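Asker:
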Amino acid sequence: MLLAGCGSGDSAADLSVSGSYMPQPVSGSMAAGFLTVTNSGGTEDKLTSVTSDIGEVTAHVTVDSAMQEAEDLTVPAHGTLVFRSGGNHLMFEKLKRKPQQGEKVTVKLHFADSGTVTVGIPVKSATYNPKTGH
Ligand code: CU
Numbered sequence: 067m068l069l070a071g072c073g074s075g076d077s078a079a080d081l082s083v084s085g086s087y088m089p090q091p092v093s094g095s096m097a098a099g100f101l102t103v104t105n106s107g108g109t110e111d112k113l114t115s116v117t118s119d120i121g122e123v124t125a126h127v128t129v130d131s132a133m134q135e136a137e138d139l140t141v142p143a144h145g146t147l148v149f150r151s152g153g154n155h156l157m158f159e160k161l162k163r164k165p166q167q168g169e170k171v172t173v174k175l176h177f178a179d180s181g182t183v184t185v186g187i188p189v190k191s192a193t194y195n196p197k198t199g200h
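Read left to right, the sequence shown gives residues 67 to 200 (our numbering).
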């Protein structure tokens, strides 16, 4: 692949979100969410925070099968930032109500350069675990 393929060089980050889902939580106080952020632009961006009106949200990374709160997460130029079962995830805590299958949970993803991206995450069955994508 030619480096010149990225020739326009300075093009800004261009983010889109796909494949989002939340398995319906067993507990009413805590839930996990998953999604993929795709950057089709020529500049990396960083996910700096996540908010939701349903409760508190933090991005977690899984390190040696233990999860920890993430610092800023990079979305590489022409790359993806993936949250999936067993890896990075969005952690919902102090929920005001229990998300029910069939509804959508609205979250706002805050990026360093691209600003805020709002996503409606569909709530799936408790055992939902897609094999597709990524
Ligand atoms: Cu977690």
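Don't be surprised by glycine CBs; every beta carbon is placed ideally from N, CA and C. Here the structure is a predicted model, which is why all the values come from computation and not from measurement.
Would the segment 184-199 count as touching the segment 79-96 if we require 3 or more Cβ pairs under 8 Å?
Answerer: yes
Asker: Measure from the alpha carbon of Gln167 to the alpha carbon of each residue in Gly94, His155, Leu81 and Ser115, then state which is nearest.
Answerer: The shortest C-alpha separation from Gln167 is found at Gly94.
Asker: On the DSSP bridge list, what partners appear for Tyr87?
Answerer: Phe100
Asker: Can we say the segment 150-168 touches the segment 122-139, given the rule of at least three CB pairs closer than 8 Å?
Answerer: Inter-segment contact for the segment 150-168 and the segment 122-139 is present: three or more beta-carbon pairs are separated by less than 8 Å.
Asker: Which partner residues does Ile187 have in the DSSP bridge list?
Answerer: Val171
Asker: Please report the residue range of the beta strand (DSSP E) in which Gln134 lies.
Answerer: Ala132 to Glu135 is the extent of the beta strand (DSSP E) around Gln134.
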